[in-house]
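Colleague: The following block contains the structure, expressed as structure tokens.
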Amino acid sequence: MSDLSPEEQWRVEHARMHAKHRGHEAMHAEMVLILIATLVVAQLLLVQWKQRHPRSYNMVTLFQMWVVPLYFTVKLHWWRFLVIWILFSAVTAFVTFRATRKPLVQTTPRLVYKWFLLIYKISYATGIIGYMAVMFTLFGLNLLFKIKPEDAMDFGISLLFYGLYYGVLERDFAEMCADYMASTIGFYSESGMPTKHLSDSVCAVCGQQIFVDVSEEGIIENTYRLSCNHVFHEFCIRGWCIVGKKQTCPYCKEKVDLKRMFSNPWERPHVMYGQLLDWLRYLVAWQPVIIGLVQGINYILGLE
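Residue 110 in UniProt numbering sits at position 110 of the sequence shown, with consecutive numbering throughout.
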């Protein structure tokens, strides 16, 4: 085998695999049926869990999104990912700690949204660059720069994975922090009724004055009025809707019209990108668990 080329070695291994599995068609069909049945049942259970107990579902999903890739990273010795994961986890832990303190410091909401909006933009740009690198490789444009196809594809897939993974992770942490801050500020409760009156001059997201005098401390920036007539800092309400995945008013929980709010065509892809990340969360967080469950069933039944 050592004297053969890589392609010849692959052919030999492929032939050995076929010889090993010859005559096991019935067993293979049974394993495929187990896989399909497990996927269907798991999907139904996850949908019911999410509908009936969304808070516990989101917390468990977030924990798996945070831990599962770490296991494969350590196992496969992906040290670069591990370093980035540690840095992200350290800063996110600090921001989450600030968001869960009572009483809430006035500057904390803006710190939270700035951090997660930064990660959101970086992950979005990284994912786009990775996707472009993969497409350029498929069309053979990497040869113009004398880059090997396997190197270009590895580079693109790595960036795409980084962008999607941290894009999903930061959105989940942002939603959790947004819920904690909203309950701490006291503008709405689980019943949907505000527990504290909102002054016309106060932003319900950050809790600071919207209009201030030059000699006073505060935030001076553009404001935005929702369809429910509540006014917020433009940066705060955009961070609430995009980063925190909130489509309701922070004060009265009336539904926000995102199409009206993001009229700029350059901003609409960001909303669609967030929906894509929601769909990919199932693949990243729950797919490894389901595959492990299928392997456990096959092992119990003696299917190899």
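Virtual Cβ for every residue (Gly too), placed ideally from N, Cα, C.
1. Between the region 54-62 and the region 72-83, can you find at least three pairs of beta-carbon atoms closer than 8 Å?
2. Give me the Cα-Cα distance between Gln-295 and Arg-110, rounded to the nearest whole angstrom.
3. Which one or two residues does DSSP pair with Phe-232 in a beta bridge?
4. Closest by CA to Phe-161, which one among Trp-79, Phe-94, Thr-126, Phe-139?
5. Run through the DSSP bridge pairs and tell me what Thr-248 is partnered with.
6. Do the CB positions of Ile-290 and Ala-42 come within less than 7 Å of each other?
7. Quick one: what does DSSP say Val-202 is sitting in, helix, strand or coil?
8. For Tyr-57 and Val-91, I'd like the C-alpha separation in whole angstroms.
9. Candidates Leu-141, Ile-128, Glu-13: which alpha carbon is nearest Gly-167's?
10. Use the C-beta contact count for Glu-170: other C-beta atoms within 10 angstroms, 16 or more gives buried, fewer gives exposed.
11. With C-beta atoms as the reference, is Val-205 less than 7 Å away from Phe-173?
12. Taking all protein chains shown into account, decide if Glu-7 is buried (16 or more other Cβ within 10 angstroms of its Cβ) or exposed.
13. Quick check on DSSP: helix, strand or coil for Gln-209?
14. Please determine, among Ala-29, Cys-236, Phe-81, Leu-301, the residue with the shortest C-alpha to C-alpha distance to Ser-158.
15. What's the C-alpha gap between Leu-144 and Arg-238?
16. I need the straight-line Cα distance from Val-47 to His-28, nearest angstrom please.
17. Which of helix, strand or coil does DSSP assign to Gln-43?
18. Looking at the secondary structure, which residues open and close the alpha helix (DSSP H) in which Ser-5 lies?
19. In or out: Met-181 buried (at least 16 other Cβ within 10 Å) or exposed?
20. Does DSSP put Ile-290 in a helix, in a strand, or in coil?
21. For Ile-300, which option in Ala-15, Met-31, Ser-5, His-14 has the closest C-alpha, if you only look at C-alpha atoms?
22. According to the Cβ coordinates, are Cys-249 and Leu-226 closer than 7 Å?
23. Would you mind working out which of Asp-179, Glu-254, Val-40, Cys-236 sits nearest Asn-229, comparing C-alpha positions?
24. Which residues mark the beginning and the end of the alpha helix (DSSP H) in which Tyr-282 is found?
25. Which of the three DSSP states, helix, strand or coil, is assigned to His-28?
Modeller: From the atom records:
1. The region 72-83 makes no contact with the region 54-62; the number of CB pairs closer than 8 Å stays below 3.
2. 46 Å
3. Tyr-224
4. It is Thr-126.
5. The partner list for Thr-248 (beta bridge, DSSP) reads Lys-255.
6. yes
7. Under the three-state reduction of DSSP output, Val-202 falls in the strand class.
8. 24 Å
9. Ile-128
10. buried
11. no
12. exposed
13. strand
14. Phe-81
15. 41 Å
16. One alpha carbon belongs to Val-47, the other to His-28, and they sit about 29 Å apart.
17. helix
18. From DSSP, Ser-5 is part of no alpha helix (DSSP H); its letter is neither H nor E.
19. buried
20. helix
21. Met-31
22. yes
23. Glu-254
24. Tyr-282 -> no alpha helix (DSSP H), and no H or E assigned at all.
25. helix
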